[in-house]
Amino acid sequence: INEGNLSLVINCVSSFDAWKTLEKKFGVQSEARVLRLRYELNTIKNEALSIEDYCIKMKSIADELASAGSPITEKDLMLTILNGLGSGYRDIATFITGSKMEFDDAYALLLTHKTRLE
């Protein structure tokens, strides 16, 4: 335990009490982090980012959620990504949704579509 957290458990009479005290402190922080990440995942739109940066950012948030103990499914990640795409990606988003592709394949297809739009 580092010095900053030692003050939280200094008066605990057992390791169980210390664990519960630390769990309360860090559990709340972890829940807040998960809520922030889920909010971010659902509000980011492709308009302000390149398609590459957008997909990488979304995948990164999904990975952070998994590391925080609150993973999202591949299907939910794909639906969230597709819902955040601009109107230029509407047709390809419909195709990807119907084909049930995974992230890597959909990402490659979105990059190809971006090239065609340019």
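Here the numbering used here is used: the first residue of the sequence shown is -7, the next is one more, and so on. In this text, a Cβ means the ideal position worked out from N, Cα and C, and glycines have one as well.
Where residue i falls: helix, strand or coil (DSSP)
| i | result |
| --- | --- |
| Leu41 | coil |
| Ile73 | helix |
| Ser62 | coil |
| Gly90 | helix |
| Cys4 | coil |
| Asn(-3) | helix |
| Ile53 | helix |
| Glu15 | helix |
| Ile36 | coil |
| Glu110 | coil |
| Gly80 | helix |
Exposure label - residue i; buried when at least 16 CB within 10 Å
| i | result |
| --- | --- |
| Ile(-7) | exposed |
| Tyr81 | buried |
| Ile48 | exposed |
| Ile2 | exposed |
| Tyr31 | exposed |
| Leu77 | buried |
| Asn34 | exposed |
| Leu57 | buried |
| Ala85 | buried |
Reference residue i, options the options, closest by Cα
| i | options | result |
| --- | --- | --- |
| Leu69 | Ile84, Asp96, Val1 | Asp96 |
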